[in-house]
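Residue numbers (the working numbering): 3 to 151.
Where is the CB? At the ideal position from N, CA and C, for every residue including glycine.
Below is one structure, written out as structure tokens; comments come after it.
Listed below in structure tokens is the structure:
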């Protein structure tokens with residue numbers, strides 16, 4: 003019975019889980035493959051999908067696509083929309099654009115302000131758009147555990 007109760011709690015938490023994909027980087031550290039307007043997350047590094055597509059596919063296992071938030075800057079927003087066109091309807095109102103690049107913490111704070119307006123019980127899962135993560139099951143288990151803390 004305890005495991006069923008825990009599973010129900012996890013499902014309830016997932017109704018308030020909002021993955022936040024951090025996709026505002028300038029791509030300078032991966033030069034010459036990436037550029038300021040074509041950063042690493044838009045590249046196909048491993049496999050047929052770009053890093054941001056892999057990230058999106060990974061996080062939609064933890065939450066509904068319409069709860070995924072994309073944090074980026076105005077210069078990269080359209081390229082990211084094209085990359086994530088498979089989810090365009092779900093993401094249409096979920097881009098949070100930094101008015102000016104101020105690094106990671108202020109970008110996360112900007113998304114947090116939007117989420118508290120939408121859902122006061124929101125739980126943020128902040129993930130970078132440009133990382134390679136192997137092991138979907140381990141990722142899902144870590145997310146489920148973290149959401150309960």
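- Which one of 143, 41, 64, 134 has the shortest CA to CA distance from residue 81? The residue given as residue 81 occupies position 79 in the chain shown. The option with the nearest alpha carbon to residue 81 is 41.
- Task: Would you list the residues sitting across from residue 98 in a DSSP beta bridge?
- Result: Taking the first residue of the chain shown as position 1, residue 98 is located at position 96. Looking at the DSSP assignment, residue 98 forms a beta bridge with 73.
- Task: Verify whether the separation of the beta carbon atoms of residue 220 and residue 131 is less than 7 Å.
- Result: Coverage of the chain is limited to positions 3 through 151, which leaves residue 220 absent and any answer about it impossible.
- Item | Short Cβ contact (7 Å threshold) for residue 75 with residue 100 | On the chain shown, position 73 is the one that residue 75 refers to. On the chain shown, position 98 is the one that residue 100 refers to. Yes, the pair counts as a contact, with Cβ atoms nearer than the cut-off.
- May I ask you to verify whether the segment 94–112 touches the segment 54–66, counting CB pairs closer than 8 Å and requiring at least 3? no
- Message: Considering only the alpha carbon of each residue, which of 128, 129, 113 lies closest to residue 122?
- Response: As a working note, residue 122 is residue 120 in the chain shown. Nearest C-alpha to residue 122: 113.
- Message: According to DSSP, residue 23 sits in a beta bridge with which residue or residues?
- Response: Position 21 of the chain shown holds residue 23. Paired residues: 72, 129.
- Selection from 118, 88, 148 that minimises the alpha carbon distance to residue 56: Position 54 of the chain shown, counted from the first residue, corresponds to residue 56. Per the Cα distances, 88.
- Straight-line CA distance for residue 20 to residue 137? By 1-based counting over the chain shown, the position of residue 20 is 18. By 1-based counting over the chain shown, the position of residue 137 is 135. In a straight line, the C-alpha of residue 20 is about 21 Å away from that of residue 137.
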